[in-house]
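Just so we're aligned, residue 3 is where the sequence shown starts under UniProt numbering, counting upward by one.
For glycine and all other residues, C-beta sits at the position ideal for the given N, C-alpha and C.
The model shown is predicted, which means the values in this text are computed figures rather than measured ones.
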Amino acid sequence: KKYVYSFGNGKAEGNGKLKDLLGGKGANLAEMSLRGVPVPPGFTITTEMCRLYWENGQVIPEYLKEEAEAALRRVEELSGKKFGDPSNPLLVSVRSGAAISMPGMMDTILNLGLNDEVVEGLAKLTNNKRFAWDAYRRFMQMLGDVALGIEHEKFEKKLNEVKSEKGVKNDLDLDADDLAKVVEKYKELYKEEGKEFPQKPEEQLWIATEAVFASWNNKRAIKYRQINGMDKMGLLGTAVNVQMMVFGNMGDDSGTGVAFTRNPNTGENEIYGEYLLNAQGEDVVAGIRTPKDISTLEKDNKKAYDKLINTMRKLEAAFKDMQDIEFTIEKGELYFLQTRNGKRTATAAVKIAVDMVEEGLVSKDIAVTRVKPADIEKLLHPAFDKEEVEKAKYFGKGLPASPGAATGIVTFTPEHAEELKAEGKQVILLRPETSPEDIGGMDAAEGILTSTGGMTSHAAVVARGMGKTAIVGAEEIVISPKEKTAKANGITVKEGDWLSIDGTEGKVYVGKVKTIKPTGLEGDIRKLLDYADEVADLGVRVNADTPKDAEIAKGFGAKGIGLCRTEHMFFGEERINKMRRMIVSKTKEQREAALKDLLPMQKDDFKGLFEAMEGYAVTIRLLDPPLHEFVPHEESAIKEVAKSVGITEEELRDIIEDLHESNPMMGHRGVRLAITYPEIAEMQVKAIMLAAIEMVKEGKTVKPEIMIPLVGKVNEFTLLKERAEKVINDLLLEHQIDVEYKIGTMIEIPRATVTADEIAEHADFFSFGTNDLTQMTLGFSRDDYGKFIGEYVENGIYESDPFQHIDRNGVGKLVKTAVDLGRGSNPRIKLGVCGEHGGDPESIEFCHLVGLDYVSCSPYRVPVARLAAAQSAV
Ligand code: ADP
Ligand code: MG
Ligand code: MG
């Protein structure tokens, strides 16, 4: 079995595809070498060896030493130098590198191979005594610090002793003899630490190699893998790269630098980078000297510059992505030490992806994978100015419920928020939690902050729907509407104070932080998302209740409405009273009279939606929440409402009492409401169809889809469908017109999923309401689970918040069952998802895997969903 892969001189045993085995650095060094890019020769010890090292009691086996030493002989041949030979020494670097780049593992050791004799040889050979002794003392320091656990500070202390003896401050003021003294002091330090500085280069090599392997499981590295979900990726370990040293610090014809093939900030197709003349390795990043812009290298060294640019272009074409490279020039000779796919800003990611398609470098399939869905989101929401945020005073944190950044003055009541807004002020609404009555205030606010509730709480869902920045469940912030204060971390914020909330990060700051506006769906983002639509199998619709939201969503590329929650239409100033009159009606006649008032309003609502989404399907859900949500609960409001609907306070209180349920989420709502109050559903169906009829009469295309919520048993559905069809047929007959429509159901009760075959026989579509389905399947109240979900996730009971990422093994299995049963009995059935999961990339992937037709999400998530849908299909 092979554990060592050589590279150099236009050859390599490995290649760029072997990242799992050789690590990213090693695989790309091999690939560069194969492609004739000048890389200093070397070899890579595989990640598999790292695993063996840990499995076999942390010893380096003899057979590895033999194999590596053979590879080292090849490096000697290629370089014409010899490891440990003072007359012509080969020095190497020992570099770690896992399949995925991973800070937290061992640092690179440079100049390995130096000892008391070799340093003299190097000095003579390079005719630069200072350089040689500086390299030696640096190597001793790195080996001691990185591999042998001797603290960095202790080396610094010794170095400072020599400096103060000489009376200088700067390293550069030490000459070769001083540095030789430093080396002596370092040797003492090794002894003080109970170690001996290893003089034998071979021994040095194995100490360093072992340190790299050992660093794979140090605390920092383990933690990093956990945080980034890398612990479940089956990584074997880190590879070790041993590579001939080249020196950028041999005079002004030498240098070192880093460069990108495109501008990582803007994405502009231009070489971007920095370098230092007469410097080694990390001097560029270390910030001791200010590096020069790469463009000036042309003047400093035209030959190296031209070669650098050409090779970088070649590398980008080969790796088909923006490259981030390290280079060193030794006496005019250019070497590449690393290439990898470069990190970039969200803006750059989009531009580079689109440019590369237009340049014919990558296909659209590939381009859509080059941008993280979260990045798209970042580009569409206002964000805080980075510098200002660093200066801002931190207040507290909560769940990042709705992304963006908002700043405004603090208010604690929705009414006040509306007043302030009317005065032209920016406000942030602080509530312990929000309820449907708060809608107006939420709409008026720039941002919303609540102290309770989870990612699917009312505040979160509504805020996302509005594209409003929101933080929910900020438990550490005590919000008191009574005292009109919010307290956290020893700070008290009062009504009228400025507050800034970052809904992307979930962080709150005291004061006014400057925001930067999004660029919107323009230019490159638009193009990228058009590619996404071509690549994706899933369609993307929007959850929208108003024509305004529908318009916004259409601008973001939504193709239809997947969920219109009609209850939101009843909260408006003028509606709520009519709705309440309907609710408090004692007779069917009274109720019908009230509904008759509501009908034209509903019809206009629907017409508006149809117009905004002309040509696309519009799914309208019949009234879903229990009626108690529409009646007042506060004393003062009861008085007012009783008066305005014309009954006594007593009567109203009785009605409220009557509507009270101990478990409203599983209460008298959805289809159950439609069954007991047929008039409500009939009015809504009528309004939908009247609006549709108007559309057809105006020569417009309309595709209404009537959705019945909360069905658990087929009989519920068939009864409702029969009633709806009667209403529809009467209307169509009356208007002598034909309108195509669909009647389907929301699948959100577990029973419905397992009897989906029966329901599908009668339904034109299913829309999975995964919020309720999750709530009912897990038995987690979506408004209260915030109290324990943190610990559940911490203890690994659930991998993540199941309301955020669909619980594939539980809820997902039910969805899959319903898909299979549903398609089995009705192959033409249309399937979608309209829960909050419809906007979550991870859940969208699941929707793709089970073969849904579309996902539906809030307007501002549409772009993210389009990209995620495409990525699932690649
Ligand atoms: P990191 O992953 O931290 O970048 P590297 O292994 O890439 O670690 O190396 C750190 C620095 O040392 C880089 O600037 C790199 O170019 C330089 N370096 C590594 N190996 C050599 C070598 N053989 N010759 C010259 N410089 C080297
Ligand atoms: Mg590097
Ligand atoms: Mg529901």
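Residue i - partner residues in DSSP beta bridges
i	result
Y511	Y396 and S502
E435	BP columns for E435 are empty, so no partner.
E335	E332
Q340	E328
residue 2	With the chain covering 3 to 876 only, the question about residue 2 has no answer from this structure.
A560	Bridge partners of A560: none, in fact.
P91	K84
D295	E276
F386	T517
First through last residue of the beta strand (DSSP E) which encompasses residue i
i	result
P402	L401 to S404
M709	K705 to I710
G443	Per DSSP, G443 belongs to no beta strand (DSSP E); it is in the alpha helix (DSSP H), I441 to A446.
T494	I493 to K496
F133	Per DSSP, F133 belongs to no beta strand (DSSP E); it is in the alpha helix (DSSP H), K131 to M144.
Under the three-state DSSP convention, the category residue i falls into
i	result
V542	strand
V391	helix
V857	strand
F768	strand
F45	strand
R8	According to the sequence displayed, residue 8 carries Ser and not Arg. Here S8 sits in strand by DSSP.
Q201	coil
Y274	strand
I739	coil
C566	strand
P843	helix
M457	coil
Q428	coil
V852	coil
V85	Here residue 85 turns out to be Phe, not Val, going by the sequence shown. Reduced to three states, the DSSP call for F85 is strand.
V260	strand
M748	strand
K516	coil
R623	strand
S217	helix
Length of the line joining the Cα atoms of residue i and residue j
i	j	result
residue 889	H839	With the chain running from 3 to 876 in the structure shown, residue 889 is simply not present.
T521	R583	Reliability fails at T521, whose pLDDT of 48 lies under 50, so the model's placement of it is uncertain and the value that follows must be treated cautiously. Using only the alpha carbons, I get a separation of about 45 Å.
G12	F338	13 Å
N230	R784	27 Å
V821	L531	28 Å
Y138	N113	7 Å
E750	S769	8 Å
residue 879	M468	Since the first residue shown for the chain is 3 and the last is 876, residue 879 is missing from the structure and cannot be characterised.
G562	E631	28 Å
A385	A408	8 Å
R593	L661	16 Å
K221	C52	17 Å
P666	E417	26 Å
K702	E724	27 Å
T292	N280	13 Å
D367	V864	19 Å
T452	D786	13 Å
C566	V620	8 Å
A241	A213	12 Å
L20	A29	6 Å
Element boundaries [alpha helix (DSSP H), containing residue i]
i	result
V370	K366 to T371
I677	V673 to T678
T471	Unbroken run through T471 is the beta strand (DSSP E), T471 to V474; no alpha helix (DSSP H).
Q228	K221 to I229
K641	E637 to V647
K165	H154 to K168
G525	G525 to V537
K605	K590 to A614
S827	V813 to S827
CB contact below 8 Å: residue i versus chain B
i	result
D535	Protein chains in the displayed structure number just one, and chain B is not present.
Can you list every residue whose CB sits closer than 6 Å to some heavy atom of ligand 2, going in chain order?
-> E328 and Q340
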